[in-house]
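In what follows, a single structure is set out as structure tokens and then discussed.
Residue numbers (our numbering), protein chains in the order written: chain A, 289 to 403; chain B, 828 to 942.
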């Protein structure tokens, strides 16, 4: 089963509105990352938050992490049509074999921003 | 820098055939990984490597082999292709296998169809 689950599966908003996506995970993590994927293309890294951090900002992006609830949220403020994409959370989980992190992705949220 | 390159871009195989998907990076990254993405779904980790000679299984390793003889290359071998392996395959790399540098850079993907 997947480590992270995004919610909602799909989100449609008007340009200028804020978009919030949530990610829940099952076991303890070392860090959590958010990625964006434009249709049919490779993923692009947006932001990484470590397990000892609670909030992080990057431009119009704000990510929060609540390790007690095993959840994270990604907020995109003042959305633009160019933000239309799928957004994935990914969690780093330590491998017993290598002692390094495996990076596991959730199923994603499909965001549509209507001009 | 070319970044992460994948070949071929498209491939059609018949059931039972074998083939190797190529992945190379020129950023001297330690960590490389292979994911598959099925329609409407997130990425699932197949195998990953934390350095030359060190590989580990991901979430869906069956039917795939990997080896890492150089830092630059991380080929994925399909031993006996099955229709269930029809998917888009992404290769990714990151600077360090350690926690801090877990941002992954993705290749453009290989779209594989097994008939």
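Yeah, the Cβ is synthetic: ideal placement off N, Cα and C, and Gly gets one too.
This structure is a prediction, so every number in the text was calculated from the model and none was measured.
query: Which same chain residues, not among the five before or five after residue 336 of chain A, have their C-beta less than 7 Å away from its C-beta?; result: 319 and 321
query: Tell me whether residue 859 of chain B is buried or exposed, calling it buried when 16 or more other Cβ atoms sit within 10 Å of its Cβ.; result: buried
query: Quick one: give me the first and last residue of the beta strand (DSSP E) that residue 941 of chain B is part of.; result: 937-941
query: Can you tell me where the beta strand (DSSP E) with residue 851 of chain B in it begins and where it stops?; result: 846-852
query: Please check if any C-beta of chain B sits within less than 9 Å of the C-beta of residue 392 of chain A.; result: yes
query: With 8 Å as the limit, tell me which residues of the stretch 347-377 of chain A have their beta carbon closer than that to any beta carbon of chain B; keep them in chain order.; result: 376
query: Residue 336 of chain A versus chain E: which residues are under 7 Å apart at the beta carbon?; result: The structure shown has no chain E; the protein chains it does contain are A and B.
query: Looking only at C-alpha atoms, which of B/835, B/913, B/919 and B/930 sits nearest to residue 811 of chain B?; result: In the structure as shown, chain B begins at 828 and stops at 942. Residue 811 of chain B is therefore absent and cannot be evaluated.
query: Roughly how many whole angstroms lie between the Cα atoms of residue 364 of chain A and residue 348 of chain A?; result: 6 Å
query: In the DSSP assignment, what are the bridge partners of residue 868 of chain B?; result: Answer is none; residue 868 of chain B lacks a bridge partner.
query: So, are the CB atoms of residue 298 of chain A and residue 398 of chain A less than 9 Å apart?; result: yes
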